[in-house]
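Asks: Chains as they are written, first to last, in my numbering: chain A, 44 to 349; chain B, 44 to 349. For glycine and all other residues, C-beta sits at the position ideal for the given N, C-alpha and C. Source: prediction; values computed, not measured.
In structure tokens, the structure reads:
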């Protein structure tokens, strides 16, 4: 069994070259900076444009990180897919390379599917991967998938696969749901990560494991400081500081906005590129975003120049 | 340029073996029966559980049909995917083998994407495939994807790629939308297929091209009779007959229900299998469904025994 990841994880942004191919060089540099700033790597999440990547592209990018010496123990790759075939291929590759865990979104094409169907999906993947090192974090994002990870489903999965089901990322944005997950299952070793640092202090106070949040891509040190100091004198001030940055990004279309900000701090316009159907941020809103960040004394210290 | 498909197409059901692998033998038999009953093959649509298949599985099943002598000219495979990489691989393979067209769903993971982003997606696929034989049917299914194919998007795509954009499947279920697509673009050679035979006579009367409908899988001859006779004396009676069958299936969860009915007429319980997250139909609702179909004198004449 791999050591459990706790703390602050980034759904790492995926850079693309001008001809829209995944850019391993920029990806390695970004992930290394995140790790240097105490962030775990939830590569291939929603904010990674993972759905816009093929299975082979995700595997090649993972291999590139590993070859560059980024530790697998810091990784929680997204390996969910609409097809069990794809999910098994991704999960098997990740587990074989010793990742800390995998973050699995349920199949998201069909709507109105039953808990029985979602249970059967996870069950089939677990059985096919057939590896004791497998640690699955269930990805609850009902607004986007319309396929919720219900408390009842967690109960059934934990009962049947207590070794393989390690926790959840809760992207519902609903504190009551995160709280219910933690209150009900944290004692069984089920590690809950809300999807925003805005809930980090609250979650840690009742037994949550950390957070997996988009803005860890741009503010890893600030959010990590909340994780390490939430119960100390400066905890509240650090939480407010992190929230201030979060709110600035939340007012934008997050993925293109974060890429634009990285491109500024990397002095590298190539970072602005997104894959369709997303579109890059226009210059006018980008200028406003950068002005807001300057006002908040935002910085990305030590970010490598492109 | 391939000859345009018109008429009645089935989003062909995809059979699976007991261990949930795609079953090429049953698939060939099913598609051959459909073609024998004058249906075109919109393989890998929503009702084909296409989202539950990997790219390699879709390509292998297409090859199996071609190797079995099913004509590519009858095929309109679904080649859309969340990732341009996957969409290009599927589309390139289909076009190279001479299919009549491809049915492309827009990328469906991200919500609230702009027409600019969806345009960029189709544009990128068309440019990468780079083949004059490419004929794309845009797949409009807003309830499921939340990424609509708007009239404005069709206009832009037709203007930029008049040879590659061939038409649309309209799964909105909204006659006014199908009518607007036909009224606005049919004269430019844009072939519109509503997603239900219930709209077939109406669509044909104003210049629609046919229909691509789930229930063509079980009632191809009955729906084809509407296509050939809608403007003749018996047209209305045939439309009512087809609608009666449609309504019976529409009261169920369509994919497992159609598979259950095929399993009955094929005398082959193996046909009941679906891939997660779908679940097979239970016996009690199946008995009620089969009773309703018997009352309506439903039959699948000549369906091959499994």
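Taking 9 Å as the CB-CB cut-off, is residue 129/B touching chain A?
Replies: The residue you call residue 129/B lines up with position 86 of the second chain. Yes, residue 129/B lies at the interface with chain A (some Cβ there is under 9 Å from its Cβ).
Asks: Taking all protein chains shown into account, do 16 or more other C-beta atoms lie within 10 angstroms of the C-beta of residue 92/B, making it buried, or fewer, making it exposed?
Replies: Reading the second chain from its first residue, position 49 is the one you call residue 92/B. Label assigned to residue 92/B: buried.
Asks: Exposed or buried, what is residue 136/A when buried is set at 16 or more other beta-carbons lying within 10 Å of its beta-carbon?
Replies: Here residue 136/A refers to the residue found at position 93 when the first chain is read from its first residue. Under this definition residue 136/A is a buried residue.
Asks: Please check if any C-beta of chain A sits within less than 9 Å of the C-beta of residue 160/B.
Replies: Here residue 160/B refers to the residue found at position 117 of the second chain. Chain A, which has a Cβ nearer than 9 Å to the Cβ of residue 160/B, makes this yes.
Asks: Note down the Cα distance separating residue 122/B from residue 98/B, rounded to an integer number of angstroms.
Replies: Translated into positions along the second chain, residue 122/B becomes position 79. Translated into positions along the second chain, residue 98/B becomes position 55. Rounded to whole angstroms, residue 122/B to residue 98/B spans 9 Å at the Cα level.
Asks: Using a 10 Å radius around the Cβ and a threshold of 16 neighbouring Cβ atoms, would you call residue 145/A buried or exposed?
Replies: Indexing the first chain from 1 puts residue 145/A at position 102. Buried is the call here.
Asks: Just to confirm the assignment, what range does the beta strand (DSSP E) spanning residue 175/A have?
Replies: Within the first chain, numbered from 1, the residue matching residue 175/A stands at position 132. Taken as a continuous stretch (DSSP letters only), residue 175/A belongs to no beta strand (DSSP E), as it is neither H nor E.
Asks: Between which residues of its own chain and residue 233/A is the CB-CB distance below 6 Å, once the five residues before and five after are set aside?
Replies: By one-based count along the first chain, residue 233/A stands at place 190. 210, listed in sequence order.
Asks: Taking Cβ-Cβ distances below 8 Å as the criterion, which residues of the segment 48-67 of chain B are in contact with chain A?
Replies: 63
Asks: Please state whether the Cβ-Cβ distance between residue 262/B and residue 240/B is less than 9 Å.
Replies: Here residue 262/B is taken as the residue at index 219 of the second chain, counted from 1. Here residue 240/B is taken as the residue at index 197 of the second chain, counted from 1. For residue 262/B and residue 240/B, yes; Cβs fall inside 9 Å.
Asks: Suppose the cutoff is 6 Å on Cβ atoms and the five residues either side in sequence are ignored; what does the same chain contact list for residue 311/A look like?
Replies: Along the first chain, one-based indexing puts residue 311/A at 268. Excluding residues within five positions, the ones whose Cβ falls inside 6 Å are 349.
Asks: Closest to residue 110/A by C-alpha separation, out of 72/A, 319/A, 129/A, would be which residue?
Replies: Translated into the one-based positions of the first chain, residue 110/A becomes position 67. Out of 72/A, 319/A, 129/A, the CA that lies nearest to the CA of residue 110/A is found in 72/A.
Asks: Note the first and the last residue of the continuous alpha helix (DSSP H) segment covering residue 263/B.
Replies: Residue 263/B sits at position 220 when you count from the first residue of the second chain. Its alpha helix (DSSP H) spans residues 263-272.
Asks: By the 7 Å beta-carbon criterion, what residues does the segment 204-226 of chain A contribute toward chain B?
Replies: none
Asks: Got a sec: is the Cβ-Cβ distance from residue 316/B to anything in chain A below 9 Å?
Replies: Counted from its first residue, the second chain places residue 316/B at position 273. Chain A contact via Cβ: absent.
Asks: Could you have a look at residue 106/A and say whether DSSP puts it in helix, strand or coil?
Replies: Counting from one through the first chain, the residue named residue 106/A turns up at place 63. Note: residue 106/A maps to helix in three-state DSSP.
Asks: My understanding is that residue 90/B touches residue 260/B, with C-beta atoms under 8 Å, so please give their C-beta distance in whole angstroms.
Replies: Here residue 90/B refers to the residue found at position 47 when the second chain is read from its first residue. Here residue 260/B refers to the residue found at position 217 when the second chain is read from its first residue. Contact flag correct, Cβ pair sits at about 7 Å.
Asks: Report yes or no: is there a C-beta of chain A within less than 9 Å of the C-beta of residue 312/B?
Replies: The residue you call residue 312/B lines up with position 269 of the second chain. Interface residue (Cβ-Cβ distance to chain A less than 9 Å): residue 312/B is not classified as such.
Asks: Taking the CB atoms as reference points, tell me whether residue 190/A and residue 161/A lie closer together than 9 Å.
Replies: Position 147 of the first chain holds residue 190/A. Position 118 of the first chain holds residue 161/A. Their beta carbons are under 9 Å apart, which means residue 190/A touches residue 161/A by this criterion.
Asks: By the DSSP assignment, the alpha helix (DSSP H) with residue 297/A in it spans what residues?
Replies: Here residue 297/A refers to the residue found at position 254 when the first chain is read from its first residue. For residue 297/A, the enclosing alpha helix (DSSP H) starts and ends at 297-309.
Asks: Would you say residue 89/B lies against chain A (beta-carbon separation less than 9 Å)?
Replies: Counting from 1 along the second chain, the entry for residue 89/B is found at position 46. Judged by the 9 Å Cβ criterion, residue 89/B is in contact with chain A.
Asks: How about residue 182/B: is its C-beta nearer than 9 Å to some C-beta of chain A?
Replies: As a position in the second chain, residue 182/B is number 139, starting the count at 1. No - not a single Cβ of chain A is within 9 Å of the one on residue 182/B.
Asks: For residue 302/A and residue 78/B, I'd like the C-alpha separation in whole angstroms.
Replies: For the purposes of this step, residue 302/A is taken as the residue at position 259 of the first chain. For the purposes of this step, residue 78/B is taken as the residue at position 35 of the second chain. Whole-angstrom Cα-Cα distance: 49 Å.
Asks: Hey, quick one: how far does the beta strand (DSSP E) through residue 254/A stretch, first residue to last?
Replies: Within the first chain, numbered from 1, the residue matching residue 254/A stands at position 211. Its beta strand (DSSP E) spans residues 253-255.
Asks: So which residues on chain A does residue 328/B lean against when the C-beta distance must stay under 8 Å?
Replies: One-based indexing of the second chain puts residue 328/B at position 285. Within chain A, no residue comes near residue 328/B; the closest Cβ sits about 13 Å away, beyond 8 Å.
Asks: Could you tell me whether the segment 264-281 of chain A touches the segment 293-308 of chain A, using the rule of 3 or more Cβ pairs below 8 Å?
Replies: no
Asks: Does residue 322/A come within less than 9 Å of chain B when only Cβ atoms are used?
Replies: Reading the first chain from its first residue, position 279 is the one you call residue 322/A. With 9 Å as the cut-off, residue 322/A counts as an interface residue toward chain B.
Asks: Taking only beta-carbon atoms, is residue 190/A less than 9 Å away from chain B?
Replies: Taking the first chain and counting its residues from 1, one reaches residue 190/A at position 147. Answer yes: the Cβ-Cβ gap between residue 190/A and chain B drops below 9 Å somewhere.
Asks: Just mark residue 23/A as buried or exposed, buried being the case when its beta carbon has 16 or more other beta carbons within 10 Å.
Replies: Any property of residue 23/A remains undetermined from this structure, which presents chain A solely from 44 to 349.
Asks: In terms of DSSP beta bridges, what is residue 182/B paired with?
Replies: Mapped onto the second chain, residue 182/B falls at position 139. Residue 182/B pairs with 212/B.
Asks: Establish whether the CB of residue 166/B and some CB of chain A are separated by less than 9 Å.
Replies: By 1-based counting over the second chain, the position of residue 166/B is 123. Taking Cβ atoms only, chain A reaches closer than 9 Å to residue 166/B, which makes this a yes.
Asks: Drop a sphere of 10 angstroms on the beta-carbon of residue 282/B, count the other beta-carbons inside from all chains shown, and report buried for 16 or more, exposed for fewer.
Replies: As a first step, residue 282/B must be located in the second chain, where it is residue number 239. Buried, since its Cβ has 16 or more Cβ neighbours within 10 Å.
Asks: Taking only three categories from DSSP, how would you classify residue 234/B?
Replies: Residue mapping note: residue 234/B aligns to position 191 of the second chain, counting from 1. Strand.
Asks: According to the Cβ coordinates, are residue 235/B and residue 216/B closer than 9 Å?
Replies: Here residue 235/B corresponds to residue number 192 of the second chain, with the count starting at 1. Here residue 216/B corresponds to residue number 173 of the second chain, with the count starting at 1. No.
Asks: Give me whichever residues DSSP pairs with residue 87/B in a beta bridge.
Replies: Locating residue 87/B in the second chain gives position 44, where the first residue counts as 1. Paired residue(s): none; residue 87/B is not in a bridge.
Asks: Where does residue 191/B sit, in a helix, a strand or coil, going by DSSP?
Replies: On the second chain, residue 191/B is found 148 positions in, with the first residue counted as 1. Coil at residue 191/B, not helix or strand.
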